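Structure first, then comments.
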Amino acid sequence: MKLNCIIVDDEELAQRVVEKYVADVNKLNLIAKCNHAMDAMDVLRESAIDLIFLDINMPKISGLSFLRTLKNPPMVIITTAYRDYALEGF
71 MKLNCIIVDD EELAQRVVEK YVADVNKLNL IAKCNHAMDA MDVLRESAID LIFLDINMPK
131 ISGLSFLRTL KNPPMVIITT AYRDYALEGF
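Under my numbering, the residues of the sequence shown are numbered 71 to 160, in order.
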């Protein structure tokens, strides 16, 4: 069984890195790449998502703020280039 996943990151390079990882893992099925949390919300409403690769530092709404809005979130892997968010993401 494959896990349906989405990538939520406003940086194209970061999206490509995670997308390459997803392509290399046979058990993952990439459903969508989203530049903003609001785009991800639409995908979550329309598709059964098992896993989110979520950037913390995004414009408008942070990844953690977005995550707090989800009543029954799927599994989440937090991605960030900022050390300051390490404990908050945990």
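Cβ atoms here follow ideal geometry from the backbone N, Cα and C, with glycine treated the same way.
Computed from a predicted model, the values in this text were never measured in an experiment.
(request) Identify every residue that forms a DSSP beta bridge with residue 71. (result) Position 1 of the sequence shown holds residue 71. Paired residues: none, contrary to the question.
(request) Taking only the alpha-carbon atoms, compute the straight-line gap between residue 87 and residue 117 and give it to the nearest angstrom. (result) Stepping through the sequence shown from its first residue, residue 87 is reached at position 17. Stepping through the sequence shown from its first residue, residue 117 is reached at position 47. Looking at the two C-alpha atoms, the distance is approximately 23 Å.
(request) Could I get the ranges of all uninterrupted beta strand (DSSP E) runs contained in the segment 97-125, with 3 residues as the minimum, in chain order? (result) Counting whole runs of 3 or more residues, the segment 97-125 contains the beta strand (DSSP E) stretches 98-104 and 121-125.
(request) Report back the beta-carbon spacing between residue 77 and residue 85 to the nearest angstrom; my notes put them in contact at under 8 Å. (result) Taking the first residue of the sequence shown as position 1, residue 77 is located at position 7. Taking the first residue of the sequence shown as position 1, residue 85 is located at position 15. With a contact defined as Cβ atoms closer than 8 Å, residue 77 and residue 85 qualify at about 5 Å.
(request) Using only alpha-carbon positions, find the residue among 130, 104 and 90 that is nearest to residue 122. (result) Here residue 122 refers to the residue found at position 52 of the sequence shown. It is 104.
(request) Sort 111, 106 and 71 by Cα distance to residue 99 and report the nearest one. (result) The count along the sequence shown starts at 1 and reaches residue 99 at position 29. Nearest C-alpha to residue 99 among 111, 106 and 71: 71.
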